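To start, the structure itself, in structure tokens.
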Amino acid sequence: MTFLKQKTSGAEPSRQTNSVGPVADFRSGLRKGIPIALGYIPVAFTFGVLAVNGGLSPWIAVVISLTNLTSAGQFAGTNLIIAGAPLLEITVTTFMINIRYLLMSLSLSQKIVPGTAILKRGIMAFGITDETFAVASLEQKDISFCYMLGLISCPYWGWAGGTALGALICSVLPPAVQNSMGIALYAMFIALLVPSAKQSRAALTVTLIAVAISSLLTWAPYLKQISSGWSIIITTVITCLCGALFFPREDV
Amino acid sequence: MDQTLIAVLLMAVVTYLPRVVPMIFVRKRLESPFLRSFLYYVPYAALGAMTFPGILYSTGDLSSAIAGMSVALLLSFYGKGLLPVAVGAIAAVYAIQFFL
Chain A
1423 MTFLKQKTSG AEPSRQTNSV GPVADFRSGL RKGIPIALGY IPVAFTFGVL
1473 AVNGGLSPWI AVVISLTNLT SAGQFAGTNL IIAGAPLLEI TVTTFMINIR
1523 YLLMSLSLSQ KIVPGTAILK RGIMAFGITD ETFAVASLEQ KDISFCYMLG
1573 LISCPYWGWA GGTALGALIC SVLPPAVQNS MGIALYAMFI ALLVPSAKQS
1623 RAALTVTLIA VAISSLLTWA PYLKQISSGW SIIITTVITC LCGALFFPRE
1673 DV
Chain B
52 MDQTLIAVLL MAVVTYLPRV VPMIFVRKRL ESPFLRSFLY YVPYAALGAM
102 TFPGILYSTG DLSSAIAGMS VALLLSFYGK GLLPVAVGAI AAVYAIQFFL
């Protein structure tokens, strides 16, 4: 008990001085990006293989990963390119799948260190993926440019590097490896959610509402025709409305 | 320019737009408590929606997915970080698929 008290009182001052400048921020982001990068590599590898098997050159596959940095959107877009679809269809489909980033970016815009320059915000925005958003938005502190740069770095190069590997090696991973790696990013989502859900009744309830609605949109007759991209958007909007109604926050 | 490159460029633009527009145009603290609460819950809602039921279809068969999910839930409940949770879930899926 005494030890516990000492520990907490010792932790207080260090908490106040924890944003000790750009380098420390960058490093802290960098560290948190490593597991994301590791989760990206097998997915990007698969993307590289699919793109090259579909007839694209390896360097185009890598350019797609370097410029798009997203999973679902670029998989769908690339499939349409391979199928020879018209530009309009490729553009609209990719955009639809990426609309969810609007909500994430809007949510994150409220957590950026005040006074961050527009150019920096533009660069930070490029690195918003489902995973980096999840990590950044669940941080206790405001998000600085250097933190976000650090957070983005490893996932960005992991995504591009994994694509290059898949495109060059161009043989699928053994099914056992591919199947078991498939759960990695989902497991990370769980690891991000559970600590908050344990601490806050509101977070737990909101998460469970989201799970219920997305299950409904996946399995219920008629509703299951909604694409998974839209399902995430609809679920997020309804769930956040419930959250704001039932658990309004005074302190945010 | 090559048709494929144009398509890639367009994809990049429509991927970047939804990411950047709110970041650039919403630079002030929003004052409405309702809106602030709404945005506060976005990570929980989006993560919940992206995780379930998607996770059930992530490994090719239901039983290994449920095993992986259970291990992830258990490990994160006991305070393990991202990497151990991911590795534990992968191992559980691999083990189940190996034995079945």
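Quick mapping for you: the protein sequence lines, in order, are chains A and B.
Each residue of the first sequence is one higher than the last, beginning at 1423 in the numbering used here.
Each residue of the second sequence is one higher than the last, beginning at 52 in the numbering used here.
Just so you know, even glycine gets a beta-carbon here, dropped at the ideal spot from N, CA and C.
Nothing here was measured: the structure is a model prediction, and the numbers come from that model.
Option nearest residue i by Cα separation, candidates the options
i, options, result
"B/Phe103", "A/Cys1662, A/Phe1669, A/Ser1653, A/Ala1666", "A/Ser1653"
"A/Ile1660", "A/Gly1495, A/Cys1568, A/Val1633", "A/Val1633"
"A/Ile1486", "B/Asp53, B/Val59, B/Thr55, B/Gln54", "B/Val59"
"A/Ser1602", "A/Phe1469, A/Asp1447, A/Val1465, A/Ile1456", "A/Val1465"
"A/Ala1675", "A/Phe1448, A/Ala1609, A/Cys1664, A/Leu1502", "As shown, chain A starts at 1423 and ends at 1674. That puts residue 1675 of chain A outside it, with no answer to give."
"A/Gly1651", "B/Asp53, B/Val144, B/Met101, B/Met74", "B/Met101"
"A/Leu1590", "A/Cys1664, A/Thr1640, A/Trp1481, A/Gln1562", "A/Trp1481"
"A/Lys1533", "B/Arg87, B/Tyr129, B/Val72", "B/Arg87"
"A/Ile1540", "B/Val64, B/Val65, B/Asp53, B/Ile75", "B/Ile75"
"A/Pro1444", "A/Ala1624, A/Leu1571, A/Ile1456, A/Leu1472", "A/Leu1571"
"B/Gly111", "B/Tyr145, B/Lys131, B/Pro94, B/Phe85", "B/Tyr145"
"B/Phe128", "A/Gln1621, A/Gly1665, A/Pro1457", "A/Gln1621"
"B/Thr66", "A/Thr1658, A/Gln1496, A/Arg1449", "A/Gln1496"
"B/Leu51", "A/Gly1461, A/Val1474, A/Pro1508, A/Ile1545", "Nothing about residue 51 of chain B can be reported from this structure: the residues present for chain B run from 52 to 151 only."
"B/Val71", "A/Leu1524, A/Ala1483, A/Arg1449, A/Tyr1569", "A/Leu1524"
"B/Arg78", "A/Leu1530, A/Arg1623, A/Leu1607, A/Leu1502", "A/Leu1530"
"A/Arg1623", "A/Gly1665, A/Asn1490, A/Pro1508", "A/Gly1665"
"A/Ile1565", "A/Val1484, A/Cys1662, A/Pro1536", "A/Pro1536"
"A/Ala1473", "A/Asp1447, A/Leu1502, A/Phe1448, A/Ala1446", "A/Leu1502"
Buried versus exposed, by CB contacts within 10 Å (16 or more), residue i
i, result
"A/Gln1647", "exposed"
"B/Ser83", "exposed"
"B/Gln148", "buried"
"A/Val1616", "buried"
"A/Glu1553", "buried"
"B/Leu69", "Reading the sequence as shown, one finds Pro at residue 69 of chain B and not Leu. Buried is the call here."
"B/Val136", "buried"
"A/Gly1506", "exposed"
"B/Leu56", "exposed"
"B/Gln54", "exposed"
"A/Val1471", "buried"
"A/Phe1668", "exposed"
"A/Val1628", "buried"
"B/Pro73", "buried"
"A/Phe1611", "buried"
"A/Ser1636", "buried"
"A/Lys1429", "With a pLDDT of 39 at A/Lys1429, under the threshold of 50, the predicted position of this residue should be treated as unreliable, and no value is reported."
"A/Pro1643", "exposed"
"A/Pro1597", "exposed"
Same chain only: Cβ atoms within 6 Å of residue i, ignoring 5 sequence neighbours per side
i, result
"A/Tyr1578", "none"
"A/Lys1542", "Phe1567"
"A/Ile1463", "Gly1580, Gly1584"
"A/Ala1459", "Cys1576, Pro1577, Gly1580"
"A/Arg1522", "Ile1654, Ile1655"
"A/Gly1476", "Ile1504"
"A/Gly1451", "Tyr1569, Gly1572, Leu1573"
"B/Leu61", "none"
Any non-hydrogen atom of the ligand NAP closer than 6 Å to residue i Cβ
i, result
"A/Ile1656", "Looking for the ligand NAP in the displayed structure turns up nothing, as the structure carries no ligands at all."
Beta-carbon contacts of residue i that lie in its chain and below 8 Å, excluding the five residues immediately before and after
i, result
"A/Ala1547", "Ser1527"
"B/Ile141", "Gly119"
"B/Leu107", "Leu113, Ala116, Ile117, Met120"
"A/Leu1560", "Leu1614, Ser1618"
Contacts around residue i, its chain only, beta-carbon distance under 7 Å, and the 5 residues preceding and following it disregarded
i, result
"A/Leu1638", "Leu1645"
"A/Leu1488", "Ala1582"
"A/Ser1493", "Val1465"
"A/Leu1626", "Ala1619"
"B/Leu126", "Pro135, Val136, Gly139"
"A/Leu1426", "Any answer about A/Leu1426 is weak, because its pLDDT of 41 lies below 50 and its placement is not dependable; what the coordinates show is given next. Around A/Leu1426: no qualifying Cβ."
"A/Ile1456", "Cys1576"
"A/Thr1516", "Gly1495, Ala1498, Gly1499"
"A/Lys1454", "Val1557, Leu1573"
"A/Asn1520", "Thr1492, Gly1495"
"A/Ser1588", "It should be pointed out that residue 1588 of chain A corresponds to Gly in this sequence rather than to Ser. Taken in chain order, the residues that qualify are Ala1466, Phe1467, Thr1468, Phe1469, Gly1470, Val1471."
- Item | Sequence ranges, alpha helix (DSSP H) only - wholly within the stretch 1616-1660 of chain A, length at least 4 | 1623-1641
- Message: At 3 residues or longer, what runs of the beta strand (DSSP E) sit wholly inside the stretch 1450-1482 of chain A?
- Response: none
- Task: Quick one: which unbroken alpha helix (DSSP H) runs of 4-plus residues sit fully inside the stretch 1483-1530 of chain A? Chain order, please.
- Result: 1494-1504, 1509-1520
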